[in-house]
Amino acid sequence: MSRADRAFALLIATALAAGAVLSLPLLITLFPGGLQRALHGYDAIAAVCVAALYQLGATLPPLGTVVLALASASLILGALKAVRTLRRTQMALASHRPVAPPARLRVTTARLGLARATVCFSDPRPYAYCRGYVRPQIWISSGAVATLRGAELEAVLHHEDFHRRAHDPLRILIGRVIAQFFFALPVVRQLAVRFEFAKELEADRAVIERQGTTRHLARALYALARYDVPFATGEVAVGAWSMSHARVDQLCGSSTEGLLPKISRRAGWLTGVMLSLALVLTIGQAARANLVPAAVIDAFDPSAAGMESHSCPLPMSGILF
1 MSRADRAFAL LIATALAAGA VLSLPLLITL FPGGLQRALH GYDAIAAVCV
51 AALYQLGATL PPLGTVVLAL ASASLILGAL KAVRTLRRTQ MALASHRPVA
101 PPARLRVTTA RLGLARATVC FSDPRPYAYC RGYVRPQIWI SSGAVATLRG
151 AELEAVLHHE DFHRRAHDPL RILIGRVIAQ FFFALPVVRQ LAVRFEFAKE
201 LEADRAVIER QGTTRHLARA LYALARYDVP FATGEVAVGA WSMSHARVDQ
251 LCGSSTEGLL PKISRRAGWL TGVMLSLALV LTIGQAARAN LVPAAVIDAF
301 DPSAAGMESH SCPLPMSGIL F
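In structure tokens, the structure reads:
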């Protein structure tokens, strides 16, 4: 597994783990009655709803409102990010119309086995990118074909082909939506950024392995770095050829792992605080919904076993605000 694949897998695993933790208070808030029946059944409800637990739940604030507000904000922001990214990608690339590829590009892509995967479009500015979520393709401008020499053109095509085979446009979109969905967890956002760095460095390493030298890739970087890509790469979901100090440092022999952005300690602390808040909300809602088993109550407070049970109108129905 490549570093880019590991970075993406870590992002997904972290998001799933965080989602599992954050979904607990939401599930209790939305389905208190169903969870009561699943945990206690109908016969044991009275034994669970002892006076001490009932009084604790009754004194807590409406935690469900907080849970629903946070969940709604996450869903709305995540959906808006997905729609915004898709729209900006479409708008940025709408003017790129396929044209007949120059003979040199036809010969090169045929030799590399990329003839059907490569599209040439008319633009005097030299740049290339990979686009498409289901069947990604390499898009290269006529200016790039005219600017790059033979081996340099191959280096650019190999780089974008790495993004194509890895379905990086789709992975970029997923990573950015996840980062926005978990806006309260800075670690997730930094993992998404780390993945985007890793995929570029890994694509360069694939080029070097194919060509056996850094010379052609370095020349291609130099040739294209003098021109700006006509769209903000951070706002569109494409595997765009871009210049970065990390790519140059890797060509100069720096360790790839050392070039990837580190997860800051501050982000770790803030994420820990937010997950702790989710745990507090989970415990609070569990108490309010009387989901704590009687055996657990006895373990923490043996005197509760002798208290008179409170007969609540359980199981609950509706949302536990």
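Residue numbers for the sequence shown follow our numbering, so the first one is 1 and each next one is one higher.
From the three backbone atoms N, C-alpha and C, an ideal C-beta is built for every residue, glycine too.
Just to confirm, are Thr-89 and Val-238 a CB contact at a threshold of 9 Å? Working through the sequence shown from its first residue, we reach residue 89 at position 89. Working through the sequence shown from its first residue, we reach residue 238 at position 238. In this structure, Val-238 lies closer than 9 Å to Thr-89 by Cβ.
Assign Ile-174 to one of three DSSP states: helix, strand, or coil. Working through the sequence shown from its first residue, we reach residue 174 at position 174. Ile-174: helix per DSSP, three-state reduction.
In chain order, which alpha helix (DSSP H) runs of at least 4 residues are fully inside the segment 142 to 166? Runs of the alpha helix (DSSP H) lying entirely within the segment 142 to 166 and spanning at least 4 residues, in chain order: 142 to 147 and 150 to 165.
Check the DSSP bridge columns for Cys-130 and list the partner residues they point to. On the sequence shown, position 130 is the one that residue 130 refers to. According to DSSP, residue pairing for Cys-130 in a beta bridge involves Ile-138 and Gly-239.
Any idea if Trp-328 is buried or exposed, counting beta-carbon neighbours within 10 angstroms, 16 or more meaning buried? With the chain covering 1 to 321 only, the question about residue 328 has no answer from this structure.
Check whether the segment 107 to 115 and the segment 64 to 75 are in contact - that is, three or more C-beta pairs closer than 8 Å. No contact exists between the segment 107 to 115 and the segment 64 to 75.
May I ask you to list the residues that DSSP assigns as paired with Thr-118? One-based indexing of the sequence shown puts residue 118 at position 118. Listed as beta-bridge partners of Thr-118 by DSSP are Ile-138.
Do Val-145 and Arg-104 count as a contact pair if the criterion is CB distance below 9 Å? For the purposes of this step, residue 104 is taken as residue 104 along the sequence shown, with counting starting at 1. For the purposes of this step, residue 145 is taken as residue 145 along the sequence shown, with counting starting at 1. Their beta carbons are under 9 Å apart, which means Arg-104 touches Val-145 by this criterion.
Can you look up Pro-98 in the DSSP assignment and give me helix, strand or coil? Translated into positions along the sequence shown, residue 98 becomes position 98. DSSP places Pro-98 in the strand class (E or B) of the three-state scheme.
On the DSSP letters alone, give me the boundaries of the alpha helix (DSSP H) that Val-21 sits inside. Numbered from its first residue, the sequence shown carries residue 21 at position 21. That run of the alpha helix (DSSP H) goes 3 to 30.
Quick check: the Cα distance between Ala-18 and Ala-166, rounded to an integer number of angstroms? Numbered from its first residue, the sequence shown carries residue 18 at position 18. Numbered from its first residue, the sequence shown carries residue 166 at position 166. If I take the Cα positions, the gap works out to 25 Å.
By DSSP, does Ala-232 sit in helix, in strand, or in coil? Mapped onto the sequence shown, residue 232 falls at position 232. Here Ala-232 sits in coil by DSSP.
Answer yes if the segment 178 to 197 comes into contact with the segment 261 to 281, meaning at least three C-beta pairs across the two stretches below 8 Å, and no otherwise. Using a Cβ-Cβ distance cut-off of 8 Å, the segment 261 to 281 and the segment 178 to 197 are in contact, since at least three pairs of beta carbons, one from each stretch, lie closer than that value.
Among Leu-26, Ala-223 and Val-248, which residue has its Cα nearest to the Cα of Ala-128? Here residue 128 corresponds to residue number 128 of the sequence shown, with the count starting at 1. Closest option to Ala-128, Cα to Cα, is Ala-223.
So what's Phe-197 in DSSP terms, helix, strand or just coil? As a first step, residue 197 must be located in the sequence shown, where it is residue number 197. Correct three-state label for Phe-197: helix.
Whether Phe-231 touches Ala-100 by CB criterion (9 Å): Here residue 231 corresponds to residue number 231 of the sequence shown, with the count starting at 1. Here residue 100 corresponds to residue number 100 of the sequence shown, with the count starting at 1. Going by C-beta atoms, Phe-231 is not nearer than 9 Å to Ala-100.
Across the segment 215 to 222 and the segment 142 to 160, are there enough close Cβ pairs to call them in contact, namely three or more that are closer than 8 Å? Touching, yes.
Buried or exposed: Ile-76, going by 16 or more other Cβ atoms within 10 Å of its Cβ? Here residue 76 is taken as the residue at index 76 of the sequence shown, counted from 1. By the Cβ-count criterion, Ile-76 is exposed, with fewer than 16 other Cβ atoms from all chains shown falling within 10 Å of its own Cβ.
Hey, how far is the Cα of Thr-14 from the Cα of Pro-124? In the sequence shown, counting from the first residue as 1, residue 14 sits at position 14. In the sequence shown, counting from the first residue as 1, residue 124 sits at position 124. Distance between the alpha carbons of Thr-14 and Pro-124: 42 Å.
Note down the Cα distance separating Asp-168 from Val-248, rounded to an integer number of angstroms. Counting from one through the sequence shown, the residue named residue 168 turns up at place 168. Counting from one through the sequence shown, the residue named residue 248 turns up at place 248. Using only the alpha carbons, I get a separation of about 21 Å.
Would a C-beta distance cut-off of 9 Å place Pro-98 and Cys-120 closer than the cut-off? Your numbering for residue 98 matches position 98 in the sequence shown. Your numbering for residue 120 matches position 120 in the sequence shown. A contact, by the Cβ cut-off of 9 Å.
Skipping 5 residues on each side, what residues in its chain have a beta carbon closer than 8 Å to that of Ala-278? As a first step, residue 278 is located in the sequence shown; it is residue number 278 there, counting from the start. Same-chain partners within the cutoff: Val-21, Leu-22, Leu-24 and Pro-25.
Cβ-Cβ separation, Arg-176 to Thr-85 (assumed contact under 8 Å), whole Å: Counted from its first residue, the sequence shown places residue 85 at position 85. Counted from its first residue, the sequence shown places residue 176 at position 176. Yes, they are in contact, since the Cβ atoms of Thr-85 and Arg-176 sit about 6 Å apart, within 8 Å.
Identify which residue in Ala-203, Thr-109 and Leu-320 has its Cα closest to the Cα of Arg-288. Sequence index remark: in the sequence shown, residue 288 carries index 288 (1-based). Of all alpha-carbon atoms in Ala-203, Thr-109 and Leu-320, the one lying nearest the alpha-carbon of Arg-288 is that of Leu-320.
Measuring alpha carbon to alpha carbon, tell me which residue in His-159, Gly-258 and Pro-32 is nearest Glu-200. In the sequence shown, residue 200 corresponds to position 200, counting from 1. The shortest Cα separation from Glu-200 among His-159, Gly-258 and Pro-32 belongs to His-159.
Taking the alpha-carbon positions, what's the Ala-184 to Met-274 distance? Against the sequence shown, residue 184 aligns to sequence position 184. Against the sequence shown, residue 274 aligns to sequence position 274. It is roughly 7 Å from the alpha-carbon of Ala-184 to the alpha-carbon of Met-274.
In the DSSP assignment, the alpha helix (DSSP H) including Ala-286 goes from what residue to what residue? Position 286 of the sequence shown, counted from the start, is the residue given in the question as residue 286. Run containing Ala-286: 265 to 288, per the alpha helix (DSSP H) assignment.
Out of His-96, Ser-142 and Arg-106, which has the shortest C-alpha to C-alpha gap to Arg-131? Along the sequence shown, read from residue 1 onward, the residue named residue 131 stands at position 131. For the residues His-96, Ser-142 and Arg-106, the minimum Cα distance to Arg-131 belongs to His-96.
Only counting the same chain, and skipping five residues up and downstream in sequence, which positions put a Cβ closer than 7 Å to that of Ala-206? Within the sequence shown, numbered from 1, the residue matching residue 206 stands at position 206. Taking Ala-206 as the centre and dropping the five residues before and after it, the same chain places the C-beta of His-158 and Phe-162 closer than 7 Å to its C-beta, in chain order.
Return the CA-CA distance between Asp-228 and Gly-33, expressed in angstroms with no decimal places. On the sequence shown, position 228 is the one that residue 228 refers to. On the sequence shown, position 33 is the one that residue 33 refers to. Asp-228 and Gly-33 have their C-alpha atoms some 58 Å from each other.
Which residue from Gln-285, Phe-8 and Ala-225 puts its Cα closest to that of Pro-126? Stepping through the sequence shown from its first residue, residue 126 is reached at position 126. Per the Cα distances, Ala-225.
Between the CA atoms of Phe-182 and Ala-38 - distance to the nearest angstrom: The residue labelled residue 38 in the question sits at position 38 within the sequence shown. The residue labelled residue 182 in the question sits at position 182 within the sequence shown. Note on geometry: alpha-carbon atoms of Ala-38 and Phe-182 lie some 29 Å from one another.
So, are the CB atoms of Ala-198 and Ala-7 less than 9 Å apart? Locating residue 198 in the sequence shown gives position 198, where the first residue counts as 1. Locating residue 7 in the sequence shown gives position 7, where the first residue counts as 1. Contact: yes.
Grouping DSSP H, G and I as helix and E and B as strand, with all else coil, what is Pro-261? Here residue 261 refers to the residue found at position 261 of the sequence shown. Pro-261 falls in the coil class under three-state DSSP.
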